[in-house]
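One structure is given below, encoded as structure tokens.
Number of protein chains: 2
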Amino acid sequence: MIFKYLLPAKNGEEYTMQFLLEVVDILTNYVRKTFDRSTKVLDFHHPHQLLEGMEGFSLELCDQPESLEQILVDCRDTLKYGVRTGHPRFFNQLSSGLDIIGLAGEWLTSTANTNMFTYEIAPVFVLMEQLTLKKMREIIGWPNGEGDGIFSPGGAISNMYSVMVARYKHYPEVKIKGMAAAPRLVLFTSEHSHYSIKKASAVLGFGTENLILLKTDERGRVIPADLEAKVIDAKQKGFVPVFVNATAGSTVYGAFDPINEIADICEKYNIWLHVDGAWGGGLLMSRKHRHKLNGVERANSVTWNPHKMMGVPLQCSAILVREKGLLQGCNSMCAGYLFQPDKQYDVTYDTGDKAIQCGRHVDIFKFWLMWKSKGTIGFEKHIDRCLELSEYLYHKIKNREGYEMVFQGEPQHTNVCFWYIPPSLRLLPDGEEKRQRLHKVAPKIKAMMMECGTTMVGYQPQGDKVNFFRMVVSNPAVTRSDIDFLIDEIERLGQDL
Amino acid sequence: MIFKYLLPAKNGEEYTMQFLLEVVDILTNYVRKTFDRSTKVLDFHHPHQLLEGMEGFSLELCDQPESLEQILVDCRDTLKYGVRTGHPRFFNQLSSGLDIIGLAGEWLTSTANTNMFTYEIAPVFVLMEQLTLKKMREIIGWPNGEGDGIFSPGGAISNMYSVMVARYKHYPEVKIKGMAAAPRLVLFTSEHSHYSIKKASAVLGFGTENLILLKTDERGRVIPADLEAKVIDAKQKGFVPVFVNATAGSTVYGAFDPINEIADICEKYNIWLHVDGAWGGGLLMSRKHRHKLNGVERANSVTWNPHKMMGVPLQCSAILVREKGLLQGCNSMCAGYLFQPDKQYDVTYDTGDKAIQCGRHVDIFKFWLMWKSKGTIGFEKHIDRCLELSEYLYHKIKNREGYEMVFQGEPQHTNVCFWYIPPSLRLLPDGEEKRQRLHKVAPKIKAMMMECGTTMVGYQPQGDKVNFFRMVVSNPAVTRSDIDFLIDEIERLGQDL
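This is the structure:
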């Protein structure tokens, strides 16, 4: 049986339904196993192994069609050799978990297969986006949820939007005349901030050397006095400070920059304040934890990725802008073939010209559906629970033999950063030899974890600190027993290093 | 029943399976109806109607959870008030159709819910992307398929990549120093090209006035002599020509710019040549039609959207670059927390640092799976068939009473552009009154089509030409009878205007 018997083929209905149900059977089995702790997180293979082809599974593309039976095998094998990001012991990324309602939402989105650029072909989704963005702005604390925003393909692009809009607000002529029309503009962000701010400064033509990195305290939070000193210094050199990024939940430490103090400085010097809440924005849903973002309502723009802390399937990231009209002003090109002014409906609902994309994937539905199904309080419970689990881990290891915390005190977010020190290193004196040996520990343990397939957790160096583990929790399937398992596994794999 | 009984809840397996199967039932019913010509293409409602809420369906988000029964109703209603972009009579967009294999691929992608940035968490998808991009480069005609590329969130972003990479090739210091490090750079594109080139020039800091528009012939193809004259003129003014975009399949006319002649000029003046084949790239799969892109192998970069002419579900767009290493050089920031050099596998497979995104949606699987299932020859047949259907339409209306073609001669792509002239206008003398009245015809017919829900086709003005219909075919479900239906419908709705 090959593809040409499927719809739109004549009498293709029966085969189509049969084929789709067989696919669904593969997928629901995968879902079932994802939540089963006796299943591995991954079945690791090196690139050359997969490229050479596994039994019955070849990645090569051919001139001739494959049978539908083989297509089903291909689906099964693709999942088999992948990574179960929804597994309760997958801690590797800020995005994890497999929300069933979100999954259903994505299946529906793919079936609707449409595009966000006009109300004309995505009426329901366009309105859902509008309502959801308004709700998010209300939660940020902007009066009546006024303002603007759009869902974008990820936090890096959302952050890029913020820099673009800041530039447009201060130097609208750059849109037409280019960067030559502006003086030398400088941007500020923490040395702990996400690399997307640096990418944006390169992409948009500012240049990475015009992004000034701010010092942080021991916990990875920006020191506001350093910002002010650097703003003054830049102005004295004749540069124009135009944009400050405050991170709400940094990638590695989970640190929250002090937004109110930063906002004071931005107001004083008339600088755009962006809050990158890609990771930490979710905490706004929690009455207990939202104080960590105090001052966020003073930001000019906010990035907030529901696909991270809120467990929405990838991709789902919003850029929210306090002032209405800027996104449109910055990006509109009024393409006649898409945004006809003489349509029969209110064309202000055609949001496509606000975007830097033309076609835009429907990222809203799964999020909207999850919100419907959980309610605001469901997200709050989820977030509070993840933070409790992190506290549990923190208290478990802070005084445990063989562990050292990368920074002291309870983490602000779910990020718990620590070194595991194998017995053989514990008695070594501090110094370069110990550092060098410790630097190799996390990569070795991680490699063994992946070979065994039992769990996954991230590691990295930061500044002058050698490789350490960064544990994060965002998956609702995680329990204390999974945290215990991770620690046991690190000790099992690391004890003889 | 509410969401908290679903997995990861204890004993949640049964409810989860039951819920997902009920969702699948809604989706397969939708699929069935999509191919059924007795079903409407859409059930049109104005924004205020949907915002006020339809019976049993409210878009508002609440604090409290909704029942799973209501979630299923929400799913059903979301589809009910949407647009069936896979319906055989939906001709509104360059992307249309609902490929069953592609759909299965998207369902699997959502279930895998992972991220393209590292081999670590997307081993199979990363390799599929690499192999598929190589295959596409082979088809373009680059020796051994060498070069580079990446899938991006749509053609506009792919085109933006091309401008970025061109800038990096000629002025790599801009990455660090910003646009101030370069002389005044100018870009060239046809007045018929997609608006994303203009967006890119604004976003990247060139400024839209430094994008020079090229004249086209009556068919919408760039006049190479105009390019050369404008290059010389720019150089005389002291500007530096750095980028030329040649469109392979323009959005409205479906025109193919003469790539070889443009490439001669680009080589002579050392200018980056990009081919925007977002729409026309698919014709490379057809031995009969690929000559329209002759010279594409001389391009430095190519945009090619499988989600348009090749019927892959949204989103699926590739930017392909002839010279290896440029994408990486242009965009890499070496974030330590993601791209650790000390992983256990060959980290050259971690492609994330080539991208301007951090997280990147998996767009490859559905495409790879469709290629497996159809083979290269399946795509070729699909493309040849769509072009035959357009020829059929062209021949049907070119001498038909009440029709006027926007340009003469057989279309190069599936775009057929025409005015329908209602009987009341046919005897009017040419002139401003007729123009003004004709300008209103297409929007009126389109509005009625949407109210009736029978079919959808695009219209727009272009230059000094008043609103005309742009018919395109990219959906494999379309037959001659659907083309006939469209014409009947235009005449039925337009005869009394």
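So the protein lines, in turn, are chains A and B.
Going by UniProt numbering, the first sequence opens with residue 1, and the numbers climb by one from there.
Going by UniProt numbering, the second sequence opens with residue 1, and the numbers climb by one from there.
Using N, Cα and C, we set each Cβ at its ideal position, and we do this for glycine too.
Keep in mind the model is a prediction, meaning the values are calculated, not measured.
Short CB-CB distance (under 8 Å) between residue i and chain A
i: Thr247 (chain B); result: no
i: Met471 (chain B); result: no
i: Glu13 (chain B); result: yes
i: Asn415 (chain B); result: no
i: Phe468 (chain B); result: no
i: Cys358 (chain B); result: yes
i: Ala255 (chain B); result: no
i: Leu326 (chain B); result: no
i: Phe206 (chain B); result: yes
i: Ile364 (chain B); result: no
i: Asn210 (chain B); result: yes
i: Gln436 (chain B); result: no
i: Glu66 (chain B); result: yes
i: Met1 (chain B); result: no
Exposed unless 16 or more other CB atoms sit within 10 angstroms - verdict on residue i
i: Ile176 (chain B); result: exposed
i: Cys62 (chain B); result: exposed
i: Gln460 (chain A); result: buried
i: Glu66 (chain A); result: buried
i: His194 (chain A); result: buried
i: Glu433 (chain A); result: exposed
i: Asp74 (chain B); result: buried
i: Gly238 (chain A); result: exposed
i: Lys440 (chain A); result: exposed
i: Arg426 (chain A); result: exposed
i: Gly53 (chain A); result: exposed
i: Glu173 (chain B); result: exposed
i: Ser38 (chain B); result: exposed
Cβ of residue i within 8 Å of any chain B Cβ
i: Thr16 (chain A); result: yes
i: Lys372 (chain A); result: yes
i: Val73 (chain A); result: no
i: His382 (chain A); result: no
i: Ser110 (chain A); result: yes
i: Gly458 (chain A); result: yes
i: Cys452 (chain A); result: no
i: Leu213 (chain A); result: no
i: Thr189 (chain A); result: no
i: Ser95 (chain A); result: yes
i: Met309 (chain A); result: no
i: Thr455 (chain A); result: no
i: Pro422 (chain A); result: no
Nearest-angstrom Cβ-Cβ length linking residue i and residue j, presumed shorter than 8 Å
i: Ile26 (chain B); j: Arg76 (chain B); result: 5 Å
i: Met450 (chain A); j: Leu42 (chain A); result: 7 Å
i: Ala156 (chain A); j: Cys358 (chain B); result: 4 Å
i: Gly254 (chain B); j: His413 (chain B); result: 3 Å
i: Val244 (chain A); j: Ile262 (chain A); result: 6 Å
i: Val126 (chain A); j: Thr348 (chain A); result: At roughly 11 Å, the Cβ-Cβ gap does not stay under 8 Å, so Val126 (chain A) and Thr348 (chain A) are not in contact.
i: Met333 (chain B); j: Lys198 (chain A); result: 5 Å
i: Met370 (chain B); j: Ile101 (chain B); result: 5 Å
i: Thr455 (chain B); j: Glu489 (chain B); result: 5 Å
Which residues, in chain order, does the stretch 215-239 of chain A contribute to contact with chain B at a C-beta distance below 8 Å?
none
Can we say the stretch 458-476 of chain A touches the stretch 412-430 of chain A, given the rule of at least three CB pairs closer than 8 Å?
yes
Are the stretch 199-214 of chain B and the stretch 178-198 of chain A in contact at 8 Å, needing three or more beta carbon pairs?
yes
Between the stretch 146-168 of chain A and chain B, which residues of the former have a C-beta closer than 8 Å to a C-beta of the latter?
Pro153, Gly154, Gly155, Ala156, Ile157, Met160 and Met164
Identify each residue in the stretch 17-43 of chain B for which the Cβ-Cβ distance to at least one residue of chain A is less than 7 Å, and report them in chain order.
Met17, Phe19, Leu20, Val23, Val24, Leu27, Thr28, Tyr30, Val31, Arg32 and Phe35
Three or more beta-carbon pairs under 8 Å between the stretch 339-349 of chain B and the stretch 384-394 of chain A, yes or no?
no
Please identify, using Cβ separations under 8 Å, the residues of the stretch 379-411 of chain A that lie next to chain B, in order along the chain.
none
Check whether the stretch 105-117 of chain B touches the stretch 103-116 of chain A, taking contact to mean three or more Cβ pairs, one atom from each stretch, closer than 8 Å.
yes
Please list, in chain order, the residues of the stretch 127-144 of chain B that have any C-beta partner in chain A closer than 8 Å.
Leu127, Met128, Leu131, Thr132 and Lys135
Between the stretch 298-310 of chain B and the stretch 280-288 of chain B, are three or more C-beta pairs nearer than 8 Å?
yes
Just by C-beta distance, which residues in the stretch 255-286 of chain A are closer than 7 Å to chain B?
none
Between the stretch 342-353 of chain B and chain A, which residues of the former have a C-beta closer than 8 Å to a C-beta of the latter?
Asp342, Lys343, Gln344, Tyr345, Asp346 and Tyr349
Hey, is the stretch 128-136 of chain B in contact with the stretch 363-379 of chain B, meaning 3+ C-beta pairs nearer than 8 Å?
yes
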